[in-house]
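**Q** Protein chains in written order, with the UniProt record's numbering: chain S, 1 to 247; chain Y, 1 to 223.
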């Protein structure tokens with residue numbers, strides 16, 4: 001691990017340091033990375049893809065190493081010259097392993113060229129699905145939180161509406177109070193009027209009774225003042241009148 | 001040049017230390033690291049293989065013995081890496097040697113047998129007479145079944161080693177004709193070798209699978 005770390009570039013090395021510091025520290029990685037100039041740029045260390053290669057497996061660095069001294073063709077010339085030297089001096093002997101190795105090399109190259117992209121596509125699809133699975137939890141959490149925020153905002157909006165509603169209710173209550181007050185005032189008026197009417201009725205009745213009593217007294221007085229003579233004269237008069245009428 | 005037909009299998013080593021056997025562990029370099037949450041292509045392929053094998057072996061072992069597939073998958077991976085890496089030139093094929101294959105098969109078979117004999121003795125004896133055997137044949141069946149049981153580690157070991165030897169022998173013989181051929185015939189040789197290599201890669205995987213699945217079957221017979 002450490003030998004590989006020494007090969008990494010500065011930024012990658014910083015990432016690695018942040019990672020190792022995180023493993024040892026109890027505080028989260030942000031505080032460990034805060035020591036560098038821009039903590040946001042350091043971020044979370046991620047899996048690195050392999051570097052650039054030429055001819056399928058030779059590192060690009062070997063060619064850049066030659067480029068300054070020999071130009072573009074230098075490394076190829078060197079490779080051909082070295083292999084020619086090794087073969088001609090029989091340092092490398094072409095025995096059966098060479099031929100099987102050659103066939104294996106051809107097999108591998110053709111296999112990688114023909115099947116490589118399809119396999120890589122399939123594998124990448126699988127990895128993407130796997131990554132999507134991991135992201136799914138985070139995304140759904142974010143969605144849920146956003147829905148909560150939206151809900152909260154709606155609640156705040158409806159709470160503002162509540163004050164209006166309360167004002168309206170207050171007004172309504174005031175109206176009800178007014179109505180009740182008026183109803184009571186009306187009630188009082190009715191009750192008082194009833195009592196006054198009662199008094200008036202009593203007075204009327206007393207007056208009527210007094211009047212009748214007076215009339216009765218006068219009638220009895222008049223009747224008692226009529227004597228039997230007067231009564232007889234009267235009847236005689238009536239009979240005389242009747243006799244006169246009968247004529 | 002080869003001094004005899006099998007000299008390409010000779011364990012040649014430096015410093016008097018048989019370092020060639022270290023090629024057994026070359027496969028470890030091909031097991032991708034799993035440090036990261038999101039796997040690489042290589043690791044994903046490896047996961048897929050392992051999961052497929054797990055389901056394959058689980059149905060054979062049954063659910064009551066949990067974790068046994070791990071051992072069989074490890075066995076498969078080890079043999080497969082040895083077989084396939086042995087196809088590469090200049091890499092010693094340890095699985096073409098009985099000392100390797102037998103030392104895998106024999107202790108495993110022995111441990112299964114001892115476990116069975118100690119824990120399920122009746123069951124193990126019952127296995128010696130298959131169901132529906134006529135009474136008169138029973139003594140012979142016991143002998144035959146015993147022999148077939150005893151030679152199991154041998155067949156496991158020899159099957160693997162013989163398959164590896166056969167393929168490598170063909171490759172070596174074909175390769176040895178290389179220096180004497182003209183360029184046109186050499187092309188034919190290369191095509192032949194490529195075809196043979198495809199076959200051998202398949203054999204390398206199949207044989208390791210066979211080894212692992214037979215071990216699984218043997219282990220499932222004891223309980």
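Glycine included, each C-beta is placed from N, C-alpha and C at the ideal position.
Taking contact to mean 3 or more Cβ pairs, one atom from each stretch, closer than 8 Å, check whether the segment 151 to 164 of chain Y and the segment 101 to 108 of chain Y are in contact.
**A** Touching, yes.
**Q** In chain order, what residues of the same chain have a beta carbon less than 8 Å from the beta carbon of residue 187 of chain S, not counting five sequence neighbours either side?
**A** Answer for residue 187 of chain S: no residue qualifies.
**Q** Between the C-alpha atoms of residue 172 of chain S and residue 184 of chain S, what's the straight-line distance to the nearest angstrom?
**A** So the alpha carbons of these two residues sit roughly 18 Å apart.
**Q** Quick check: the segment 12 to 32 of chain Y against the segment 103 to 119 of chain Y, are there 3 or more CB pairs under 8 Å?
**A** Touching, no, given that fewer than three Cβ pairs across the two stretches are closer than 8 Å.
**Q** Return the CA-CA distance between residue 216 of chain S and residue 228 of chain S, expressed in angstroms with no decimal places.
**A** Each residue's Cα considered, the two are about 21 Å apart.
**Q** Counting only runs of 3+ residues fully inside the segment 22 to 85 of chain Y, write out the beta strand (DSSP E) ranges in chain order.
**A** Entirely contained in the segment 22 to 85 of chain Y, not one beta strand (DSSP E) run reaches 3 residues.
**Q** For my contact list, residue 178 of chain Y and residue 169 of chain Y are in at a C-beta cut-off of 8 Å; report their separation, rounded to the angstrom.
**A** 15 Å between Cβ atoms; not a contact.
**Q** Going by beta-carbon coordinates alone, are residue 103 of chain S and residue 207 of chain Y separated by less than 8 Å?
**A** Not closer than 8 Å, so no.
**Q** Please list, in chain order, the residues of the segment 89 to 111 of chain Y that have any C-beta partner in chain S closer than 9 Å.
**A** So the list reads 89, 90, given in the order they occur along the chain.
**Q** Note the first and the last residue of the continuous alpha helix (DSSP H) segment covering residue 131 of chain Y.
**A** Taken as a continuous stretch (DSSP letters only), residue 131 of chain Y belongs to no alpha helix (DSSP H), as it is neither H nor E.
**Q** Could you check whether the segment 197 to 215 of chain Y touches the segment 76 to 83 of chain Y, counting it as contact only if at least three pairs of C-beta atoms, one from each stretch, sit closer than 8 Å?
**A** A contact exists between the segment 197 to 215 of chain Y and the segment 76 to 83 of chain Y.
**Q** Can you tell me whether DSSP reads residue 89 of chain Y as helix, strand or coil?
**A** In the structure shown, residue 89 of chain Y sits in coil (DSSP, three-state: anything other than H, G, I, E or B).
**Q** If residue 120 of chain Y and residue 222 of chain Y are in contact, beta carbons under 8 Å, what's the gap, nearest whole angstrom?
**A** That belief holds up - the Cβ atoms of residue 120 of chain Y and residue 222 of chain Y are roughly 6 Å apart, short of 8 Å.
**Q** Closer than 8 Å, Cβ to Cβ, to anything on chain S: give me those residues from the segment 41 to 56 of chain Y, in chain order.
**A** Cβ contacts with chain S come from 41, 44, 45, 48.
**Q** Figure out for me which residue from S:231, S:127, S:63, S:152 has the closest Cα to the Cα of residue 76 of chain S.
**A** Closest option to residue 76 of chain S, Cα to Cα, is S:63.
**Q** For residue 165 of chain S and residue 159 of chain S, what's the separation of their Cα atoms in angstroms?
**A** In a straight line, the C-alpha of residue 165 of chain S is about 10 Å away from that of residue 159 of chain S.
**Q** Could you round the C-beta distance between residue 174 of chain Y and residue 196 of chain Y to whole angstroms and report it? I think they count as a contact, below 8 Å.
**A** Yes, they are in contact, since the Cβ atoms of residue 174 of chain Y and residue 196 of chain Y sit about 7 Å apart, within 8 Å.
**Q** Do residue 152 of chain Y and residue 209 of chain Y count as a contact pair if the criterion is CB distance below 8 Å?
**A** Taking 8 Å as the Cβ cut-off, residue 209 of chain Y and residue 152 of chain Y do not qualify as a contacting pair.
**Q** As a quick exercise: from Y:5, Y:137, Y:42, pick the residue whose alpha carbon is nearest that of residue 121 of chain S.
**A** Taking only the C-alpha atoms, the option nearest residue 121 of chain S is Y:42.
**Q** Helix, strand or coil for residue 54 of chain S? Go by DSSP, reduced to three states.
**A** Looking at residue 54 of chain S - three-state DSSP - the assignment turns out to be strand.
**Q** Do the segment 118 to 136 of chain S and the segment 52 to 70 of chain Y touch if we need at least three Cβ pairs shorter than 8 Å?
**A** Cβ pair count under 8 Å is below three, so no.
**Q** Determine, using beta carbons only, whether residue 108 of chain Y and residue 216 of chain Y come nearer to each other than 8 Å.
**A** Cβ distance not < 8 Å, so residue 108 of chain Y and residue 216 of chain Y don't count as in contact.
**Q** Does residue 101 of chain S get closer than 8 Å to chain Y when you measure Cβ to Cβ?
**A** By this cut-off, residue 101 of chain S is an interface position.
**Q** Can you pull the chain S neighbours of residue 171 of chain Y, defined as C-beta to C-beta under 7 Å?
**A** Result: 100.
**Q** Give me the Cα-Cα distance between residue 101 of chain S and residue 190 of chain Y, rounded to the nearest whole angstrom.
**A** The alpha-carbon atoms of residue 101 of chain S and residue 190 of chain Y are separated by roughly 10 Å.
**Q** Which word fits residue 231 of chain S, buried or exposed, when buried means at least 16 other C-beta atoms lie within 10 angstroms of its C-beta?
**A** So residue 231 of chain S ends up on the exposed side.
**Q** Can you tell which of S:192, S:99, S:220, S:124 has its C-alpha closest to the C-alpha of residue 183 of chain Y?
**A** Answer by Cα proximity: S:99.
**Q** Within 10 Å of its beta-carbon, does residue 235 of chain S have 16 or more other beta-carbons around it, so buried, or fewer, so exposed?
**A** Its Cβ having fewer than 16 others within 10 Å, residue 235 of chain S is exposed.
**Q** For residue 153 of chain Y, which three-state DSSP category applies?
**A** In this structure, residue 153 of chain Y counts as helix in the three-state DSSP scheme.
**Q** Can you tell me whether residue 157 of chain S is buried or exposed? The criterion is at least 16 other CB atoms within 10 Å of its CB, across all chains shown.
**A** Residue 157 of chain S is exposed by the Cβ-count criterion.
**Q** Please give me, in chain order, every unbroken run of the alpha helix (DSSP H) with length at least 4 that falls completely inside the segment 134 to 215 of chain Y.
**A** Taking only runs of at least 4 residues, the alpha helix (DSSP H) segments lying wholly in the segment 134 to 215 of chain Y are 138 to 150, 152 to 177.
**Q** Give the residues from the segment 141 to 153 of chain S that approach chain Y closer than 9 Å (Cβ to any Cβ), ordered along the chain.
**A** Residues passing the 9 Å Cβ filter: none.
**Q** Just how far apart, CA to CA, sit residue 192 of chain S and residue 205 of chain S?
**A** Spanning the two alpha carbons is a distance of roughly 20 Å.
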